[in-house]
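Here's the structure we're looking at; comments come further down.
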């Protein structure tokens, strides 16, 4: 049973396009929602994160949209570049000790 | 700072063998974690520690053991390796804040 559901599994866009990755959760106790970026052969690295009292957060070309009532959140990458090609994971944290519950991941390819 | 380091990078084990995956961080982080990553499954938490001498189970602890005798080190032990433990293992740490810092991973194959 996956507590954080992520879609799509893979995504191909052209350079300059705006890929959108979606995540949904059930547990209303989740109180922190990070996105991690992973390049092949590397560990995941924090990209951007949001708390449920905020509906949108932007950092550079990356934006998280958060819909608390629908229990959904999404990552938008503006003006995508080939260097953005990576696997993206949404995650959720509940309670203490910052334990992460990950979505299954989205493999993004940005073609020149 | 080297951050989070993991050894070995790769390892092949035979069924029933044992091994220890090493994880060290030099950021003086109190929280440390072990995850496994399987294709199409995301990362799943195996064990975590909130300080030296304190460890607890995550989502998928069966077949693994951990210890935390120092702030810096958090080794993961596989006692009787099984093919189901073929995976990529990541160690992470944080200073009680939200950002977890991940190591480069250990790719383990059990044959």
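Chains as they are written, first to last, in the numbering used here: chain A, 76 to 187; chain B, 9 to 119. C-beta atoms are modelled at their ideal positions from N, C-alpha and C, and glycine is treated no differently.
| Item | Value |
| --- | --- |
| In angstroms, rounded to a whole number, what distance separates the CA positions of residue 142 of chain A and residue 183 of chain A? | 23 Å |
| Give me the Cα-Cα distance between residue 103 of chain A and residue 136 of chain A, rounded to the nearest whole angstrom. | 28 Å |
| At which residues does the beta strand (DSSP E) containing residue 18 of chain B begin and terminate? | 18-21 |
| Under 9 Å Cβ-Cβ, which residues of chain B neighbour residue 177 of chain A? | 43, 45, 49, 50, 51, 52, 53 |
| Classify residue 173 of chain A as helix, strand or coil using the three-state DSSP reduction. | helix |
| Give the list of continuous beta strand (DSSP E) stretches no shorter than 3 residues that lie fully inside the segment 83-146 of chain A. | 85-89, 95-100, 105-113, 120-125, 131-134, 137-142 |
| So which residues of chain B does residue 164 of chain A contact, with C-beta pairs closer than 9 Å? | 50, 51 |
| Tell me, please, whether the CB atom of residue 117 of chain A is closer than 9 Å to any CB atom in chain B? | yes |
| Output the distance between the C-alpha atoms of residue 83 of chain A and residue 99 of chain A, rounded to the nearest integer angstrom. | 12 Å |
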